[in-house]
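K.L.:
Submitted below is the structure of interest, expressed as structure tokens.
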Amino acid sequence: MDLGPYLLFASLEGLVHAAVLSLIALGLSLVFGVMRIVNVAHGEFFMLGAILAWWISSFALGNAALGFLLALLIAPLIAGVIAMFSDWLILKHLKYDPEATIIATIGILYIIQQAALMTFGPDARPVEQPFNIRLDLYWFGFSAYKFFVIFASIILLLSVWLVMAKTKFGLLLRATQLDSETAQAFGIPISTVYSLVFGAGAAIAAVGAVLIVPIQQAHYLMGGEPLLLAFIVVIIGGLGSLRGTVAAAVLIGMSDGIISVFFSPTLAKILATLLVVFVLLIRPNGLFGTAKA
Amino acid sequence: MRKDLILHLGALAILLFLELFGVFSDYHQGNFARILVLAAYGIGYNVLFGYTGLLSLGHALFFSAGLYASGLSIYHLDYNVGQSLILAICFSAFFSLLIGYLALRTVGVSFMIVTLMFSQVGYLCILYFGGITRGDEGIVIQQSSRVFLSLDLSDPTIRYYSALIIFSLCLIFNLWIAKSSFGRVLIAIRENSDRALMLGYNVHLYKLLAVIISGTISGLAGACYGILFGYVGASFAAVPYSIFPLLWVLIGGAGTVLGPLVGAIFMFYLIDYASDITDAYMIIVGITLLIVTLYARRGLLGELRYRYFKWIP
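Structural data, given as structure tokens:
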């Protein structure tokens, strides 16, 4: 094989990364955009989605497709409910003070991560692919499931955008994002909106995890890396800007995939973070965003 | 004598007498030597977080900068302890200047995230250059290299005294900062940086200086930790080592000189106890963080200062 097919292969792998990464970053960005808080525990909700997917699909023994479908429905729901519960139990009482919230979400991070270690254990566990079709792309075979991951991510991204732009609930979100006090004065139940957004952010990340877990195994420490990449994405894309988030996720996911294939995954992360340094030097608010943190 | 001097010199005297009168068992002597070096790291962190009001989530970068600068120079270049300490101080000062310059372009939440990311890059670099650093496995510094002024630093008693000296130096330096006009400006920036700017202080420069002082003390603590305990590993550059100093300072009281020591003693023994029971002992860190942010925002000494002793620096 010469360079061309290699590059194509790396780009496809990169697109799969980018698709899942854009979901994780979207959740982070949504929470920041509406609530003005940074959820450091976001990666752990991703991890939670993955180990819940393993757990749920283990009930549907023998039928991988059914197990996957159940996981896709239930795992994000559970992750979302846990997120809403932690919002109700903790973040609400901090009045969403940005610094206190970050410290508290670090606390939540360790509690979820270590609870996963206690129950799920320290081993990485695989989840079977719901369908096992290989597409023959002339130079190499590529799993059809990976195309499905890209496709499903695009569908979810579009539906989040539709909800934000076209529905009444989206209007409430945007009103809260613009000016939460005025929104409250107009009778929008801010605390319910916050709770739902925090839950939705976690659930979107969990969907990303359910999608990726048949390719990558479930492990209790798997939340750290996506969190770093999601931070990179939202900083480059501008915190709270959905369009910027998706654009940056594609950029970072693709380059991460390509550099990982040709050089090393560690180098890919180092370079991506250095890119952030340059973005901060040129545009302190990110390439797309105007929001000030 | 002033009350604050009596309090802090008294605390140091207690730490000295505990050793002189042989109160410690071997086990606790070793623990306290570790705690003292880590508390020095906490003091470094506190200069930035407690006094200047800048919350960094990436101080493991500075701690490990000092740790690796001294460890690698001893291991690869056969530096002696004195030379490697000087190198570690220079290296971490340079590093904190660089990181401070970049990270201070952001404020508030972005500053926290950017410092967290920088320290992740540091951690990844240590893994990436595994040929030199030996990555996760780490480097063991031989006993023969850990000699300073012909004193064997691996001897538990000498190690305790060395740790106490390092801690005392950092504590006195911190006390001096807290009382100096420089420290007053840092506190003014913490309380209201716009007003400090209006009063004509170069806020950005003061913040940068605070990062450099904080990072250099952290690096010094890291270097001493490696030399005294003979091990340099990538785990010291990972996220938990950025979170620990935050936790010690929060528990002991942000912006108090003795706070990091109180917090470090508490957390060290809590984790020590928890790790006997479960592998998932980091859950204790999570729970403590939540309790402190929800119910005890001032920390122990901060609360005492707020209620009874207004003079605690």
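First to last, the protein sequences are chains X and L. The first sequence finishes on residue 294 if you use this note's numbering, and the numbering steps up by one all the way, no holes. The second sequence finishes on residue 324 if you use this note's numbering, and the numbering steps up by one all the way, no holes. Note that the Cβ used here is the ideal one computed from N, Cα and C, for glycine as well.
(1) Please confirm if X/A61 has its CB atom under 8 Å from at least one CB of chain L.
(2) Taking three-plus beta-carbon pairs below 8 Å as touching, is the segment 276-289 of chain L in contact with the segment 55-70 of chain L?
(3) Can you name the start and end residues of the alpha helix (DSSP H) that L/R45 belongs to?
(4) CB-CB under 7 Å to L/I200, same chain, minus the five flanking residues each way: which ones, in chain order?
(5) Return the chain-ordered list of same chain residues with a C-beta closer than 7 Å to the C-beta of L/Y236, the five sequence neighbours on each side being excluded.
(6) Whether or not the segment 39-57 of chain L and the segment 241-258 of chain L are in contact is what I'm after, with contact meaning three or more pairs of Cβ atoms, one per stretch, closer than 8 Å; do they touch?
(7) Which residues bound the alpha helix (DSSP H) around X/F263?
(8) Please specify which runs of the alpha helix (DSSP H), each continuous and at least 4 residues long, are wholly inside the segment 144-170 of chain X, giving them in chain order.
(9) If you pair each beta-carbon of the segment 40-51 of chain X with each one of the segment 66-83 of chain X, do three or more pairs fall below 8 Å?
(10) Report yes if the CB atom of X/S23 is closer than 8 Å to the CB atom of X/A250, and no otherwise.
(11) Are there 16 or more other CB atoms within 10 angstroms of the CB of L/N203, so buried, or fewer, so exposed?
(12) Identify every residue that forms a DSSP beta bridge with L/G264.
(13) Mark X/Q115 as exposed unless 16 or more other C-beta atoms lie within 10 angstroms of its C-beta, in which case mark it buried.
(14) Could you pull out every residue in the same chain whose Cβ sits closer than 7 Å to the Cβ of X/A153, ignoring the five residues on either side in sequence?
(15) X/A292 to X/L276, Cα distance in whole Å?
(16) Taking the alpha carbon of L/G295 as the point to measure from, which residue in X/W55, X/T193, X/I109 has its own alpha carbon closest?
(17) Would a C-beta distance cut-off of 8 Å place X/A184 and X/I191 closer than the cut-off?
(18) Take the Cβ of L/A221 as the centre, count every other Cβ of all protein chains shown within 10 Å, and call the residue buried at 16 or more, exposed below.
(19) What does DSSP give as the partner residues of X/R135 in its beta bridges?
(20) At which residue ranges does the segment 168-213 of chain L contain complete alpha helix (DSSP H) runs of 4 or more residues, listed in the order of the chain?
(21) When DSSP labels each residue in this structure, what does X/K293 get in the three-state scheme?
(22) Who are the Cβ neighbours of L/A51 in its own chain at under 6 Å, not counting the five residues just before and after it?
(23) Report buried or exposed for L/N91, applying the criterion of at least 16 other Cβ atoms within 10 angstroms of its Cβ.
(24) Would you identify the three-state DSSP class for L/D163, choosing helix, strand or coil?
(25) Using the Cα positions of X/A294 and L/I223, report the straight-line distance between them to the nearest angstrom.
(26) Does the segment 257-269 of chain L come within contact of the segment 288-308 of chain L, defined as at least 3 CB pairs closer than 8 Å?
(27) What's the C-alpha gap between L/T289 and L/F279?
(28) Can you find the residues in the same chain that come closer than 7 Å, C-beta to C-beta, to L/T117, ignoring five residues on each side of it along the sequence?
(29) Is it buried or exposed, X/M85, if we count other Cβ atoms within 10 angstroms and call 16 or more buried?
(30) By DSSP, does X/R126 sit in helix, in strand, or in coil?
(31) By alpha-carbon positions, which one of X/A72, X/K96, X/G238, X/Y97 ends up nearest to X/R284?
(32) Expressed to the nearest angstrom, what Euclidean distance is found between the alpha-carbon atoms of X/W89 and L/A24?
(33) Strictly below 9 Å CB to CB, what residues from chain L border X/Q178?
(34) Return yes when the Cβ of L/I85 is within less than 8 Å of the Cβ of L/S156, no when it is not.
P.N.:
Straight from the coordinates:
(1) Along the first sequence, read from residue 1 onward, the residue named residue 61 of chain X stands at position 60. No, its Cβ sits nowhere closer than 8 Å to a Cβ of chain L.
(2) no
(3) For the purposes of this step, residue 45 of chain L is taken as residue 34 along the second sequence, with counting starting at 1. Its alpha helix (DSSP H) spans residues 37-57.
(4) Numbered from 1 along the second sequence, position 189 holds the residue referred to as residue 200 of chain L. These residues qualify, in order along the chain: T63, G64, A207, V214, Y217, K218.
(5) The residue you call residue 236 of chain L lines up with position 225 of the second sequence. Answer for L/Y236: V48, L78, listed in chain order.
(6) yes
(7) Residue numbering aside, residue 263 of chain X sits at position 262 when the first sequence is read from its first letter. It spans 243-263 - the alpha helix (DSSP H) in which X/F263 sits, taken as one unbroken run.
(8) Runs of the alpha helix (DSSP H) inside the segment 144-170 of chain X: 145-167.
(9) yes
(10) To locate residue 23 of chain X, count along the first sequence from 1; it is residue 22. To locate residue 250 of chain X, count along the first sequence from 1; it is residue 249. For X/S23 and X/A250, yes; Cβs fall inside 8 Å.
(11) The residue given as residue 203 of chain L occupies position 192 in the second sequence. Its Cβ having fewer than 16 others within 10 Å, L/N203 is exposed.
(12) Within the second sequence, numbered from 1, the residue matching residue 264 of chain L stands at position 253. In the DSSP output, where bridge partners are listed per residue, L/G264 has none listed.
(13) Counted from its first residue, the first sequence places residue 115 of chain X at position 114. Under this definition X/Q115 is a buried residue.
(14) Along the first sequence, one-based indexing puts residue 153 of chain X at 152. Excluding residues within five positions, the ones whose Cβ falls inside 7 Å are L212.
(15) On the first sequence, residue 292 of chain X is found 291 positions in, with the first residue counted as 1. On the first sequence, residue 276 of chain X is found 275 positions in, with the first residue counted as 1. In this predicted model, X/A292 has a pLDDT of only 45, less than 50, meaning its place in the structure is not dependable enough to derive any value.
(16) Start at 1 with the first residue of the second sequence, and residue 295 of chain L comes out as number 284. For clarity, residue 295 of chain L is Ile in the given sequence; the question names Gly instead. Cα-wise, what sits closest to L/I295 is X/I109.
(17) As a first step, residue 184 of chain X must be located in the first sequence, where it is residue number 183. As a first step, residue 191 of chain X must be located in the first sequence, where it is residue number 190. Taking 8 Å as the Cβ cut-off, X/A184 and X/I191 qualify as a contacting pair.
(18) One-based indexing of the second sequence puts residue 221 of chain L at position 210. Buried, because 16 or more other Cβ atoms sit within 10 Å of the Cβ of L/A221.
(19) To locate residue 135 of chain X, count along the first sequence from 1; it is residue 134. Bridge partners of X/R135: X/S144.
(20) Counting only runs that start and end inside the segment 168-213 of chain L, the alpha helix (DSSP H) elements of at least 4 residues fall at 192-202, 204-209.
(21) Here the question's residue 293 of chain X lines up with position 292 in the first sequence. Because X/K293 sits at a pLDDT of 42, beneath the cut-off of 50, its placement in the model cannot be relied upon, and the point is left open.
(22) For the purposes of this step, residue 51 of chain L is taken as the residue at position 40 of the second sequence. Excluding residues within five positions, the ones whose Cβ falls inside 6 Å are I177, F178, C181, A232.
(23) For the purposes of this step, residue 91 of chain L is identified with residue 80 of the second sequence, where counting begins at 1. Exposed.
(24) Reading the second sequence from its first residue, position 152 is the one you call residue 163 of chain L. In the structure shown, L/D163 sits in a strand (DSSP, three-state: E or B).
(25) By one-based count along the first sequence, residue 294 of chain X stands at place 293. By one-based count along the second sequence, residue 223 of chain L stands at place 212. Residue confidence for X/A294 is low, a pLDDT of 38 falling below 50, so the modelled location carries little weight; the figure read from the coordinates is stated next. Approximately 24 Å, taken between the alpha carbons.
(26) yes
(27) Residue mapping note: residue 289 of chain L aligns to position 278 of the second sequence, counting from 1. Residue mapping note: residue 279 of chain L aligns to position 268 of the second sequence, counting from 1. Between L/T289 and L/F279, the C-alpha separation is close to 15 Å.
(28) Position 106 of the second sequence, counted from the first residue, corresponds to residue 117 of chain L. V125.
(29) Looking up residue 85 of chain X in the first sequence gives position 84. By the 10 Å Cβ count, X/M85 comes out buried.
(30) Sequence index remark: in the first sequence, residue 126 of chain X carries index 125 (1-based). Strand.
(31) In the first sequence, counting from the first residue as 1, residue 284 of chain X sits at position 283. Checking every option, the nearest Cα to that of X/R284 belongs to X/G238.
(32) Along the first sequence, one-based indexing puts residue 89 of chain X at 88. Along the second sequence, one-based indexing puts residue 24 of chain L at 13. Approximately 46 Å, taken between the alpha carbons.
(33) Sequence index remark: in the first sequence, residue 178 of chain X carries index 177 (1-based). What X/Q178 touches in chain L: nothing, since even the nearest Cβ is about 16 Å away.
(34) As a working note, residue 156 of chain L is residue 145 in the second sequence. As a working note, residue 85 of chain L is residue 74 in the second sequence. Result yes, Cβ atoms of L/S156 and L/I85 sit closer than 8 Å.
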